[in-house]
DNA sequence: AACAATCCCAACCGCGAGATT
DNA sequence: AAATCTCGCGGTTGGGATTGT
């Protein structure tokens, strides 16, 4: 498999934080032409960035559906449940949290929840010898995060076909925030199999 | 007030895998 | 069938913001 030549260091590409002007250029371009073809996008849009960087900026920050700000306790609970079920499959977890990105959830987990889980684990060590590793969720988690359904390992596959879903259609089938995590994973599994 | 330590998060990097040629 | 292209994922890092001394 060939590595992407995108972002090769000899190119005169800008790195680091995005400016408001760059954001505007990217938003305007995507508004007119849509996204996809990330590799050529910066050239066409007139940005001195690599396609990867543009994609990341759009998906994690500029996208119209991005919900920024505090993660609610409901969302937090769902993240914990899904992480118990799926492990570090951030994109799958993000898929169940409308408006949240995998990067945001990953950051939130690494900065808040992993610490808290560790504290809980330490606390529970006093009463149990079980040790649950978040990196290996197929092992039984320690209470209070014990789950009573089997772990389902799903395979995330990419969808290369562009789907044009308008916002109205999207809103008509909202993703329930606190849906049954096992059903969610099963759904992902069947979606993956269909592709 | 000044400096150090820690936290937080946007962005980067390397890799795997599907699509295309 | 093999080589190459492109995308998306998860781990990691850089640096600004905040907190502690």
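Numbering (UniProt numbering), first residue to last: 1 to 195.
Every residue, glycine too, gets a C-beta built ideally from N, C-alpha and C.
Values in this document were obtained by computation on a predicted structure and should not be read as measured data.
With a threshold of 7 Å on Cβ separation, who are the neighbours of residue i within its own chain once the five nearest residues in sequence on each side are excluded?
i           : result
residue 10  : Only weak support is given to the placement of residue 10: the predicted model assigns it a pLDDT of 47, under 50, and the value that follows is read from those uncertain coordinates. Within the same chain, residue 10 has no close Cβ partners at all.
residue 23  : 62
residue 66  : 99 and 101
residue 109 : 79 and 83
Considering residue i, what are the terminal residues of the alpha helix (DSSP H) in which it resides?
i          : result
residue 35 : Counting along the chain, residue 35 falls outside any alpha helix (DSSP H), and DSSP gives it neither H nor E.
Quick one: measure Cβ to Cβ for residue i and residue j, integer angstroms, because I've assumed they're closer than 8 Å.
i           : j           : result
residue 105 : residue 80  : Actually they are not in contact, since the Cβ atoms of residue 105 and residue 80 sit about 11 Å apart, beyond 8 Å.
residue 82  : residue 93  : 5 Å
residue 91  : residue 102 : 4 Å
residue 13  : residue 37  : Not really, about 17 Å apart at Cβ, beyond 8 Å.
In its own chain, which residues sit with a C-beta less than 8 Å from the C-beta of residue i, not counting the 5 before and 5 after it?
i           : result
residue 25  : 45, 46 and 47
residue 246 : Coverage of the chain is limited to positions 1 through 195, which leaves residue 246 absent and any answer about it impossible.
Only counting the same chain, and skipping five residues up and downstream in sequence, which positions put a Cβ closer than 6 Å to that of residue i?
i           : result
residue 57  : 18
residue 161 : Because residue 161 carries a pLDDT of 34, less than 50, the predicted location of this residue cannot be relied on, and no value is offered for it.
residue 60  : 101 and 103
residue 76  : none
residue 29  : 45
(request) Report the residue ranges of all beta strand (DSSP E) runs contained in full by the stretch 52–105; include only those spanning at least 3 residues, in chain order. (result) none
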